[in-house]
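Q:
Structure, rendered in structure tokens:
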């Protein structure tokens with residue numbers, strides 16, 4: 001059946017959809033600088049778990065959608081996510097077998113890379129934000145990683161996403 | 163997906179990943195340049211906006227649901243009270259509007275005598291902001307009307323008190339807008355008291371605009387009302403924008419440092435009015451009948467006549 005064909009790919013779409021929604025979720029001002037980079041985290045997970053299913057193109061398209069949602073210059077998040085994808089694929093074999101604390105560290109480094117490119121691109125396009133808004137998400141992203149990882153792994157196993 | 167699988171064997175070895183990365187990075191840079199410099203990707207952006215509409219709707223849903231829930235839980239007494247309050251307010255406003263109508267007639271006559279340009283009657287549509295957090299330092303919002311409802315790029319957005327911003331990209335069912343406080347936005351304004359014209363720049367903070375182009379000798383005082391000047395042909399003339407807050411005149415500087423506070427409640431916007439400007443309106447004349455139906459901001463009775471009168475003047 002088509003269900004077998006799709007092999008649970010809807011789980012990936014759904015998680016990206018939720019990550020996009022979380023990325024533009026209305027927040028009180030104090031939390032804005034500390035909101036994890038949900039889309040980057042979800043994509044890192046899928047990029048590591050199923051690198052053949054979620055490729056660089058997926059990262060790029062998701063980034064473009066986030067650009068439109070955020071009203072940013074088209075391509076801003078897309079370029080950052082592309083480079084994040086590159087780093088993820090370079091590392092995924094090592095990071096996959098890391099214990100969870102080391103994984104948090106690695107994810108922190110990846111998100112830091114993502115945020116740095118965002119910071120840089122925004123600086124060039126004249127829409128820069130205070131650095132705290134790029135540092136905060138790195139810390140919180142690393143902190144939420146274990147829970148997100150367990151949740152997505154559970155979903156992947158239950159629905160046999162492959 | 164088949165070719166992907168076959169290439170997956172040499173996946174972690176690099177060249178294909180590196181190549182793809184380079185390809186997408188270059189593509190992103192091209193898109194960014196095109197989007198920023200030329201605006202030639204507006205149609206593409208509109209298409210993507212349509213694609214992400216479900217996300218926007220999902221984010222907005224809890225708020226809509228909560229409002230509905232809260233409304234349906236209001237007691238009958240509260241509703242009657244609110245209704246009474248609104249009726250009283252409407253009566254008051256209608257009273258004021260009568261005087262305004264007479265004044266406007268007189269103004270039109272005098273302008274006709276002077277052979278001066280007339281002020282346009284504006285068409286208004288009521289829209290709602292979709293709840294979403296965009297980048298905190300980029301003051302952009304999304305409204306729930308789009309080209310389907312006759313919204314065109316460049317139309318002005320106001321709320322009950324003053325100017326809010328303008329439409330930057332109208333997609334089929336939503337439209338992106340920029341607030342007057344966005345650092346890249348400039349509003350052409352004039353001082354209501356004496357007609358002195360200048361430009362109010364956004365600062366990136368919701369309660370502050372800057373007026374950097376007025377000389378120290380300019381006749382401007384704290385508390386002066388700034389209204390749109392109509393120059394630049396984006397904002398219709400005469401809508402309140404901001405109140406002058408602080409003025410620092412430093413003799414060593416060529417220009418005074420002036421800040422103003424926007425009048426519109428930019429930090430708690432929900433319902434806004436989209437004002438059709440005359441030039442794009444002509445292009446979309448097929449949708450204006452609809453918009454007059456939903457035109458709740460003006461009383462029906464004398465509205466049509468007045469518009470006809472002004473249009474006749476125009477010919």
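Chains as they are written, first to last, in the numbering used here: chain A, 1 to 162; chain B, 163 to 477. Ideal Cβ placement from N, Cα and C applies to all residues, glycine included. Note that the structure is a prediction, hence the values are computed from the model and not measured.
1. With DSSP collapsed to three states, give me the class of residue 426 of chain B.
2. How would you call residue 141 of chain A, buried or exposed, if buried means at least 16 neighbouring beta carbons within 10 angstroms?
3. Rounded to the nearest angstrom, what separates residue 355 of chain B and residue 83 of chain A at their Cα positions?
4. So, at 7 Å on beta carbons, what are the nonlocal neighbours of residue 330 of chain B in its own chain, with the 5 sequence-adjacent residues on each side left out?
5. Please tell me whether residue 210 of chain B has its Cβ less than 7 Å away from any Cβ of chain A.
6. At least one CB of chain B closer than 7 Å to the CB of residue 82 of chain A: is that the case?
7. May I ask which residues mark the beginning and end of the alpha helix (DSSP H) holding residue 95 of chain A?
8. Does the separation of the CB atoms of residue 23 of chain A and residue 10 of chain A fall below 7 Å?
9. Please classify residue 321 of chain B: does DSSP put it in a helix, a strand, or coil?
10. When the Cα atoms are used, what is the spatial distance from residue 370 of chain B to residue 397 of chain B?
11. Looking only at C-alpha atoms, which of A:121, A:86, A:129 and A:81 sits nearest to residue 367 of chain B?
12. Helix, strand or coil for residue 377 of chain B? Go by DSSP, reduced to three states.
13. Three or more C-beta pairs under 8 Å: does that hold for the region 83-94 of chain A against the region 26-45 of chain A?
14. Express the C-alpha separation of residue 303 of chain B and residue 429 of chain B in angstroms, rounding to a whole number.
15. For residue 330 of chain B, write down the residues that DSSP places opposite it in a beta bridge.
16. Give the range of the beta strand (DSSP E) segment to which residue 402 of chain B is assigned.
17. Use the C-beta contact count for residue 386 of chain B: other C-beta atoms within 10 angstroms, 16 or more gives buried, fewer gives exposed.
18. Determine, for residue 116 of chain A, whether the minimum Cβ-Cβ distance to residues of chain B falls below 7 Å.
19. What residues in the region 185-207 of chain B have a beta carbon less than 9 Å from any beta carbon of chain A?
20. How close, in whole Å, do the beta carbons of residue 427 of chain B and residue 323 of chain B come, if the pair is a contact with beta carbons under 8 Å?
21. Residues in the same chain with beta-carbon distance under 8 Å from residue 79 of chain A, minus the five sequence neighbours each way, listed in chain order, please.
22. Considering only their Cβ atoms, is the gap separating residue 434 of chain B from residue 312 of chain B smaller than 7 Å?
23. Which whole runs of the alpha helix (DSSP H) in the region 237-321 of chain B are 4 residues long or more, in chain order?
24. Does the beta carbon of residue 61 of chain A sit closer than 7 Å to a beta carbon anywhere in chain B?
25. For residue 8 of chain A, does the three-state DSSP call read helix, strand or coil?
26. Rounded to whole angstroms, what is the Cα-Cα separation between residue 105 of chain A and residue 143 of chain A?
A: According to the data block:
1. coil
2. buried
3. Approximately 55 Å between the Cα atoms of the pair.
4. 315, 338, 339 and 340
5. Yes, its Cβ sits closer than 7 Å to a Cβ of chain A.
6. yes
7. In this chain, the alpha helix (DSSP H) harbouring residue 95 of chain A covers 76-96.
8. no
9. coil
10. Whole-angstrom Cα-Cα distance: 19 Å.
11. Of A:121, A:86, A:129 and A:81, the residue nearest in Cα terms is A:129.
12. Residue 377 of chain B falls in the strand class under three-state DSSP.
13. yes
14. Answer to the nearest angstrom: the Cα atoms are 11 Å apart.
15. None, per the DSSP bridge assignment.
16. 402-410
17. buried
18. So, not an interface residue.
19. Per Cβ criterion, the list reads 185, 186, 187, 189, 190, 191, 192, 193, 194, 195, 196, 197, 198, 203, 206 and 207.
20. Contact between residue 427 of chain B and residue 323 of chain B holds, since their C-beta atoms are separated by about 7 Å, short of 8 Å.
21. Residues 63, 117 and 121 of the same chain have their beta carbon placed closer than 8 Å to that of residue 79 of chain A, with the five preceding and five following residues left out of the count.
22. no
23. 238-276
24. no
25. Note: residue 8 of chain A maps to coil in three-state DSSP.
26. 9 Å
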